[in-house]
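Numbering (UniProt numbering), first residue to last: 1 to 186.
Yeah, the Cβ is synthetic: ideal placement off N, Cα and C, and Gly gets one too.
Please read these numbers as outputs of a predicted model, since none were measured by experiment.
Structure first, then comments.
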Amino acid sequence: MKFTLSLVSALLSIGLASAASIPADLETRGGRPSPVCNARYQAVPFLRSYNPQVIDHFYTTNGRELRNAVRNLGYNSEGSAGFIYANRQPQTTPLFRLYSSSATDHFYTTDLGERNNAIRSLGYTDEGLAGWVYTTAICGSVPLYRLYSAQGTDHFYTTSANERDSAAQNGYSVEGVAGYVLPGVY
(Lines of atoms letter the chains of each structure in order from A and count residues from 1; the text may use other names and numbers.)
(Lines give C-alpha, C1' and ligand atoms only; values in the text may rest on other atoms or scores of the structure.)
Protein backbone atom coordinates (compact mmCIF):
# COMPACT_ATOMS: atom_id res chain seq x y z
CA MET A 1 0.00 0.00 0.00
CA LYS A 2 2.85 2.35 0.87
CA PHE A 3 4.43 1.62 -2.52
CA THR A 4 1.18 2.44 -4.35
CA LEU A 5 0.75 5.72 -2.47
CA SER A 6 4.39 6.64 -3.13
CA LEU A 7 3.98 5.85 -6.82
CA VAL A 8 0.77 7.91 -7.11
CA SER A 9 2.39 10.79 -5.23
CA ALA A 10 5.46 10.68 -7.49
CA LEU A 11 3.33 10.62 -10.65
CA LEU A 12 1.23 13.55 -9.43
CA SER A 13 4.31 15.63 -8.66
CA ILE A 14 5.79 14.87 -12.10
CA GLY A 15 2.51 15.89 -13.74
CA LEU A 16 2.33 19.12 -11.77
CA ALA A 17 5.95 19.96 -12.54
CA SER A 18 5.35 19.35 -16.25
CA ALA A 19 2.22 21.51 -16.27
CA ALA A 20 4.10 24.33 -14.55
CA SER A 21 6.61 24.41 -17.43
CA ILE A 22 3.95 25.02 -20.13
CA PRO A 23 3.72 28.70 -21.11
CA ALA A 24 0.36 30.21 -20.17
CA ASP A 25 -0.64 30.86 -23.80
CA LEU A 26 0.06 27.23 -24.78
CA GLU A 27 -1.91 25.59 -21.97
CA THR A 28 -4.21 22.78 -22.95
CA ARG A 29 -7.94 22.65 -22.61
CA GLY A 30 -9.31 19.15 -22.38
CA GLY A 31 -6.03 17.71 -23.68
CA ARG A 32 -5.85 20.08 -26.71
CA PRO A 33 -3.76 23.24 -27.13
CA SER A 34 -5.54 26.56 -26.74
CA PRO A 35 -7.46 27.32 -29.99
CA VAL A 36 -5.74 30.69 -30.31
CA CYS A 37 -2.29 29.09 -30.48
CA ASN A 38 -3.14 25.97 -32.50
CA ALA A 39 -2.08 27.63 -35.75
CA ARG A 40 1.56 28.18 -34.74
CA TYR A 41 2.39 25.00 -36.66
CA GLN A 42 1.06 26.60 -39.85
CA ALA A 43 3.38 29.63 -39.71
CA VAL A 44 5.67 30.19 -42.69
CA PRO A 45 9.05 31.94 -42.89
CA PHE A 46 8.95 35.68 -43.47
CA LEU A 47 12.01 35.70 -45.72
CA ARG A 48 14.28 38.72 -45.58
CA SER A 49 16.58 40.12 -48.25
CA TYR A 50 18.53 43.30 -48.86
CA ASN A 51 19.74 45.13 -51.96
CA PRO A 52 22.77 47.31 -51.07
CA GLN A 53 22.81 49.06 -54.48
CA VAL A 54 19.36 50.59 -54.01
CA ILE A 55 19.23 50.36 -50.18
CA ASP A 56 16.05 48.31 -49.86
CA HIS A 57 14.95 45.54 -47.51
CA PHE A 58 12.43 43.14 -49.04
CA TYR A 59 10.36 40.55 -47.16
CA THR A 60 8.18 37.76 -48.54
CA THR A 61 6.73 34.38 -47.65
CA ASN A 62 7.19 33.20 -51.24
CA GLY A 63 10.47 31.34 -51.80
CA ARG A 64 10.19 31.67 -55.58
CA GLU A 65 9.76 35.43 -55.26
CA LEU A 66 12.82 35.63 -53.01
CA ARG A 67 14.93 33.53 -55.41
CA ASN A 68 13.94 35.87 -58.26
CA ALA A 69 14.92 38.93 -56.21
CA VAL A 70 18.31 37.33 -55.43
CA ARG A 71 19.04 36.03 -58.95
CA ASN A 72 17.71 38.93 -61.01
CA LEU A 73 17.25 42.06 -58.89
CA GLY A 74 20.46 42.37 -56.86
CA TYR A 75 19.11 41.29 -53.45
CA ASN A 76 21.05 39.19 -50.94
CA SER A 77 19.12 36.63 -48.93
CA GLU A 78 19.32 37.30 -45.18
CA GLY A 79 17.35 34.34 -43.87
CA SER A 80 14.09 34.70 -42.00
CA ALA A 81 12.77 37.71 -40.09
CA GLY A 82 10.47 35.36 -38.16
CA PHE A 83 7.39 33.32 -38.98
CA ILE A 84 3.99 34.67 -39.97
CA TYR A 85 0.78 33.19 -41.32
CA ALA A 86 -0.26 32.95 -44.97
CA ASN A 87 -3.92 32.84 -43.88
CA ARG A 88 -5.92 34.59 -41.18
CA GLN A 89 -5.70 32.98 -37.75
CA PRO A 90 -7.37 33.89 -34.45
CA GLN A 91 -6.13 37.23 -33.07
CA THR A 92 -4.07 38.09 -36.17
CA THR A 93 -4.24 41.14 -38.41
CA PRO A 94 -3.18 41.66 -42.02
CA LEU A 95 0.36 42.85 -42.71
CA PHE A 96 0.05 44.99 -45.84
CA ARG A 97 2.91 45.13 -48.35
CA LEU A 98 3.55 48.29 -50.37
CA TYR A 99 6.27 49.42 -52.74
CA SER A 100 7.51 52.81 -53.92
CA SER A 101 9.36 52.58 -57.24
CA SER A 102 10.50 56.23 -56.97
CA ALA A 103 12.01 55.63 -53.51
CA THR A 104 12.85 51.96 -54.16
CA ASP A 105 11.31 51.06 -50.81
CA HIS A 106 9.23 48.13 -49.60
CA PHE A 107 6.95 49.15 -46.74
CA TYR A 108 4.92 46.86 -44.44
CA THR A 109 2.19 47.99 -42.05
CA THR A 110 -0.80 46.60 -40.17
CA ASP A 111 -2.48 50.02 -40.08
CA LEU A 112 -5.09 50.36 -42.85
CA GLY A 113 -5.12 54.18 -42.53
CA GLU A 114 -1.33 54.32 -42.84
CA ARG A 115 -1.49 51.97 -45.84
CA ASN A 116 -4.11 54.15 -47.55
CA ASN A 117 -2.14 57.34 -46.85
CA ALA A 118 1.07 55.82 -48.27
CA ILE A 119 -0.82 54.96 -51.47
CA ARG A 120 -2.74 58.24 -51.73
CA SER A 121 -0.10 60.73 -50.59
CA LEU A 122 3.33 59.10 -50.80
CA GLY A 123 3.16 57.26 -54.13
CA TYR A 124 3.33 53.69 -52.83
CA THR A 125 1.72 50.84 -54.78
CA ASP A 126 -0.36 48.24 -52.98
CA GLU A 127 1.25 44.80 -53.38
CA GLY A 128 -1.39 42.97 -51.33
CA LEU A 129 -0.87 41.11 -48.08
CA ALA A 130 2.53 39.96 -46.91
CA GLY A 131 0.70 37.72 -44.44
CA TRP A 132 -0.95 37.79 -41.03
CA VAL A 133 0.70 38.73 -37.71
CA TYR A 134 -0.42 38.84 -34.10
CA THR A 135 -1.55 42.17 -32.67
CA THR A 136 -0.07 41.40 -29.23
CA ALA A 137 2.66 39.17 -27.84
CA ILE A 138 0.79 35.85 -27.56
CA CYS A 139 1.57 32.22 -28.42
CA GLY A 140 5.30 32.79 -27.98
CA SER A 141 5.41 35.65 -30.50
CA VAL A 142 7.98 38.45 -30.38
CA PRO A 143 7.94 42.06 -31.61
CA LEU A 144 8.76 42.75 -35.26
CA TYR A 145 10.44 46.14 -34.88
CA ARG A 146 10.00 48.70 -37.66
CA LEU A 147 12.74 51.18 -38.52
CA TYR A 148 13.15 53.77 -41.26
CA SER A 149 16.16 55.46 -42.83
CA ALA A 150 15.23 58.82 -44.36
CA GLN A 151 18.68 59.03 -45.93
CA GLY A 152 18.35 55.64 -47.63
CA THR A 153 14.55 55.75 -47.92
CA ASP A 154 14.48 52.23 -46.51
CA HIS A 155 12.10 50.49 -44.12
CA PHE A 156 13.79 47.76 -42.09
CA TYR A 157 12.13 45.09 -39.92
CA THR A 158 13.77 42.84 -37.34
CA THR A 159 12.93 40.78 -34.26
CA SER A 160 16.38 41.39 -32.78
CA ALA A 161 16.62 44.18 -30.21
CA ASN A 162 20.41 44.24 -30.78
CA GLU A 163 19.95 44.62 -34.53
CA ARG A 164 17.31 47.31 -33.95
CA ASP A 165 19.66 49.24 -31.67
CA SER A 166 22.57 48.89 -34.08
CA ALA A 167 20.48 50.17 -36.99
CA ALA A 168 19.30 53.08 -34.82
CA GLN A 169 22.95 54.00 -34.17
CA ASN A 170 23.52 53.96 -37.94
CA GLY A 171 20.86 56.44 -39.02
CA TYR A 172 17.61 54.49 -38.80
CA SER A 173 14.72 55.84 -36.74
CA VAL A 174 12.85 53.31 -34.60
CA GLU A 175 9.17 53.52 -35.55
CA GLY A 176 7.84 50.99 -33.04
CA VAL A 177 6.44 47.50 -33.52
CA ALA A 178 4.87 46.48 -36.84
CA GLY A 179 3.28 43.38 -35.28
CA TYR A 180 4.21 40.21 -33.45
CA VAL A 181 5.72 37.19 -35.21
CA LEU A 182 6.85 33.75 -34.19
CA PRO A 183 10.61 33.53 -33.68
CA GLY A 184 11.30 30.01 -34.96
CA VAL A 185 10.08 26.73 -36.35
CA TYR A 186 7.80 24.65 -34.13
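Inter-residue distance for Asn38 and Pro183 is about 16 Å (C-alpha atoms, whole angstroms).
The alpha-carbon separation between Asp56 and Cys139 amounts to approximately 30 Å. In the DSSP assignment, Ile84 falls within the unbroken beta strand (DSSP E) covering Asn76 to Ile84. With a beta-carbon spacing of about 24 Å, Tyr99 and Ala43 fall beyond the 8 Å limit used to define contacts. Counting C-beta atoms within 10 angstroms of its own C-beta, Gly171 has fewer than 16 neighbours from the protein chains shown and is therefore classed as exposed. Note that the C-beta distance between Gly179 and Thr110 is below 7 Å. In this model, Ser49 and Val36 are separated by some 30 Å (Cα to Cα). Residue pairing by DSSP places Gly152 opposite no residue, since no beta bridge is assigned to it. Taking the Cα positions, Thr104 is about 34 Å away from Tyr41.
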